[in-house]
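Colleague: Structure provided below as structure tokens; questions to follow.
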Amino acid sequence: MKEIITFLIISGGLGFFNLYIAQESDLLYFGKYNKEERLAWLSIYTIINFFLIKTGIVIFKALSTIHFGVIVSILIPVLTLIIDLIVTLLLPVFINWLIEIIRMLLKKEARAYLPPTNSFFEDIDQWDLLAFDFDGKLINSGSILQGTEERQTEFLLLMRPKMPKVTVNYYDFLESYLEMAKEGSVVIRELTDYSNKIHFVKVKEV
11 MKEIITFLII
21 SGGLGFFNLY
31 IAQESDLLYF
41 GKYNKEERLA
51 WLSIYTIINF
61 FLIKTGIVIF
71 KALSTIHFGV
81 IVSILIPVLT
91 LIIDLIVTLL
101 LPVFINWLIE
111 IIRMLLKKEA
121 RAYLPPTNSF
131 FEDIDQWDLL
141 AFDFDGKLIN
151 SGSILQGTEE
161 RQTEFLLLMR
171 PKMPKVTVNY
181 YDFLESYLEM
191 AKEGSVVIRE
201 LTDYSNKIHF
211 VKVKEV
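Here the sequence shown is numbered in the numbering used here, starting from 11 and rising by one per residue.
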């Protein structure tokens, strides 16, 4: 048993699921190339899990001597798992909060945590999307179902197409919708993909 735990600690296996949960919850983001930061967080979670397991074993042995065997054998692992999940979620939040406090004290602007692509598609189910090429021609439009993240190599979109009844030019569309945005009837956001030469515009009625 000791050999297995030692192997999991060395390999980082004890922290993998913590890292996965935090990353998929967008509490942590490493980008395509930031392997050092990913490894650091994996090590932190591994150490936390190791101490939680060790503490759980010590408590289990102590309580077992006073004949709470069945209850303890169920309760200790459940409590350990709950505490581990709470720490997994709260640690990145606390560190980001600390960073924002330091930036505020240094009179710096709040940082953008996620890269533009992730931020743009973060709440994809609440918007309609229009995609224009750099000549202003409409390529596609509809509701966004899923978009790839910045760390993925290819930029892809899964959409439910809904083409406008009339031809829409990017510049005319942007001008009219910016006026509507000033009036407060819609919210509009744009992401420009210079690699693929596409303007992505998402629109949401208020």
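All C-beta atoms, glycine included, are put in the ideal place defined by N, C-alpha and C. A quick note: this is a predicted structure, and the numbers were derived from the prediction, not measured.
#1: With a floor of 4 residues, list each alpha helix (DSSP H) that falls wholly inside the region 105 to 161, ordered by position along the chain.
#2: Throw me the rounded Cβ distance for the residue 139 and residue 148 pair, which I believe falls under 8 Å.
#3: Around the Cβ of residue 206, are there at least 16 other Cβ atoms within 10 angstroms (buried) or fewer (exposed)?
#4: Return the first residue and the last residue of the alpha helix (DSSP H) that residue 192 is part of.
#5: Which residues mark the beginning and the end of the beta strand (DSSP E) in which residue 212 is found?
#6: When the Cα atoms are used, what is the spatial distance from residue 84 to residue 116?
#7: Can the beta-carbon of residue 152 be found closer than 7 Å to that of residue 181?
#8: So the beta strand (DSSP E) residue 203 belongs to, where does it begin and stop?
#9: Taking 8 Å as the threshold, find out whether the region 58 to 67 comes into contact with the region 32 to 42 through three or more Cβ pairs.
Modeller: Reading off the structure:
#1: 126 to 130
#2: In the sequence shown, residue 139 corresponds to position 129, counting from 1. In the sequence shown, residue 148 corresponds to position 138, counting from 1. Not really, about 11 Å apart at Cβ, beyond 8 Å.
#3: Translated into the one-based positions of the sequence shown, residue 206 becomes position 196. With fewer than 16 other Cβ atoms within 10 Å, it is exposed.
#4: Numbered from 1 along the sequence shown, position 182 holds the residue referred to as residue 192. 180 to 193 is the extent of the alpha helix (DSSP H) around residue 192.
#5: Here residue 212 refers to the residue found at position 202 of the sequence shown. It spans 208 to 215 - the beta strand (DSSP E) in which residue 212 sits, taken as one unbroken run.
#6: Your numbering for residue 84 matches position 74 in the sequence shown. Your numbering for residue 116 matches position 106 in the sequence shown. Answer to the nearest angstrom: the Cα atoms are 48 Å apart.
#7: Counting from 1 along the sequence shown, the entry for residue 152 is found at position 142. Counting from 1 along the sequence shown, the entry for residue 181 is found at position 171. In this structure, residue 181 does not lie closer than 7 Å to residue 152 by Cβ.
#8: The count along the sequence shown starts at 1 and reaches residue 203 at position 193. Note, residue 203: beta strand (DSSP E), 196 to 203.
#9: no
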